[in-house]
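Peer 1: Residue 184 in our numbering sits at position 189 of the first sequence, and the numbers go up by one each step. Before we start, here is the structure in question, set down as structure tokens.
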Amino acid sequence: MSVSSSGRMVDAAWRDLPVGCLPLGPRDLDLAATLDCGQAFRWRLADDGWWRGVIGDRAVRIRRVGDACEYQVYPSRGADGEALLRKYLRLDVDLSTLVEDLALRCSRIHPALRAHPGIRILAQPPEETLLSFLCSPANSVPRISRSIEQLCERHGALIARLDGVEYRAFPSKGTLIKLPDAEYRAAGLGWRGLGIRVVAGRLLLKPRDWLLTLRSVPYVEARAALVDFPNVGPKIADCVCLFGLLKDEAVPVDTHVWALAKELFADEAASGHLTKSLTGKTYDRVLALYQERYGPYAGWAQQYLYHWRRHGCQDG
DNA sequence: AAGGGACCTAATT
DNA sequence: AATTAGGTCCCT
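Structural data, given as structure tokens:
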């Protein structure tokens, strides 16, 4: 029998815990495409068919059962598990209506919408989102996931041990600023570790939950505040805006979205000099083109296109 | 103002 | 042995 530092029991079995159920068909939520498409790095599909993950300080698992999704949350803290999932999965967004709207705006996106109609943008804890995407420059998704997993295993607070599997929170800012270079290098982060430590330190200087409050300011304002951090350029700022701050119009322009833009906007007059490298004004021009074509949910459109490009064009 | 190189690292070719 | 992978910074 183990207890956490706060004195709460951490050993339990999922089968002893209550199961919640959300009426979400495959077209309302594609778990694999949503949890494993590069916007979140900590979800893993277990052999038993459940996706295991951590949301903030809660251990979570979720799986598809026909036209519904079952989920469990630990610790349960009353019955707010459903509220937690509703928020995290952005169930305020009616996906079938959105997909319909995006399809009307542009025919080039049709195959992407058809291939994976259930992709959702998540509402992740923004500080974790920012610190995670600092691992992304010149890196690959599998390596980012492994690095973050190692940081959490070694330095994250223990939430629970369920069926013998440990669930740990993302390391705290106080922990991250004290981590020696060797720890970051051991996690395979190379020179990116310094950026994580520096940004964690800068976050500690801000008021408590400062980043979270950016959820209630306009996109351009939140973006400007993020770009102000060292090692945070437009791409990482847009990732945090879209995946952590609920700014649905943010479009992270990476190499894939950039390449896609040249095809999608070949006709646009404004795409005149998109042929050069992706920096400064060019980034902003590409962003504007996506926003003009796809509207207030341009970020969601980007995610469909991005996933389609990276995972081939097979029908789903 | 736009373009080029450096940067840790490990899987892939 | 080279190349490459969800960029950013610094330098011409």
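We treat Cβ as the ideally placed atom computed from N, Cα and C, and that holds for glycine.
For the alpha helix (DSSP H) containing residue 214, list its first residue and its last residue.
Peer 2: Here the question's residue 214 lines up with position 219 in the first sequence. Segment 214 to 222, the alpha helix (DSSP H) holding residue 214.
Peer 1: Give me, in chain order, the residues of the same chain whose beta-carbon lies closer than 6 Å to that of residue 29; leave out the 5 immediate sequence neighbours on both sides.
Peer 2: Residue 29 sits at position 34 when you count from the first residue of the first sequence. Taken in chain order, the residues that qualify are 114, 115.
Peer 1: Spatial neighbours of residue 45 within its chain, please: CB distance less than 6 Å, with the 5 preceding and 5 following residues excluded, ordered by chain position.
Peer 2: Position 50 of the first sequence, counting from 1, holds the residue named residue 45. Excluding residues within five positions, the ones whose Cβ falls inside 6 Å are 56, 58.
Peer 1: What's the gap between the Cα of residue 31 and the Cα of residue 219?
Peer 2: Numbered from 1 along the first sequence, position 36 holds the residue referred to as residue 31. Numbered from 1 along the first sequence, position 224 holds the residue referred to as residue 219. Cα to Cα, residue 31 sits roughly 28 Å from residue 219.
Peer 1: Around the C-beta of residue 155, are 16 or more other C-beta atoms found within 10 angstroms, so that it is buried, or is it exposed?
Peer 2: Position 160 of the first sequence, counting from 1, holds the residue named residue 155. Burial call: buried.
Peer 1: State the Cα-Cα distance for the pair residue 80 and residue 94, rounded to the nearest angstrom.
Peer 2: For the purposes of this step, residue 80 is identified with residue 85 of the first sequence, where counting begins at 1. For the purposes of this step, residue 94 is identified with residue 99 of the first sequence, where counting begins at 1. Roughly 21 Å separates the two Cα atoms.
Peer 1: DSSP on residue 101, reduced to helix/strand/coil?
Peer 2: The residue labelled residue 101 in the question sits at position 106 within the first sequence. Three-state result, residue 101: coil.
Peer 1: Indicate the three-state DSSP secondary structure (helix, strand or coil) for residue 48 in the structure shown.
Peer 2: As a working note, residue 48 is residue 53 in the first sequence. Reduced to three states, the DSSP call for residue 48 is strand.
Peer 1: Tell me the DSSP bridge mates of residue 66?
Peer 2: Indexing the first sequence from 1 puts residue 66 at position 71. DSSP, once it has assigned bridges, lists 15, 57 as partnering residue 66.
Peer 1: What residue does the alpha helix (DSSP H) around residue 139 start on, and which one ends it?
Peer 2: The residue given as residue 139 occupies position 144 in the first sequence. Here the alpha helix (DSSP H) through residue 139 covers 136 to 150.
Peer 1: If I follow the unbroken beta strand (DSSP E) through residue 160, where does it start and stop?
Peer 2: By one-based count along the first sequence, residue 160 stands at place 165. Where residue 160 is concerned, the enclosing beta strand (DSSP E) stretches over 160 to 163.
Peer 1: Run through the DSSP bridge pairs and tell me what residue 6 is partnered with.
Peer 2: The residue labelled residue 6 in the question sits at position 11 within the first sequence. Note: residue 6 sits in a beta bridge opposite 156.
Peer 1: Specify, as a first and last residue, the run of the alpha helix (DSSP H) that residue 196 falls within.
Peer 2: The residue you call residue 196 lines up with position 201 of the first sequence. From DSSP, the alpha helix (DSSP H) with residue 196 extends over 187 to 200.
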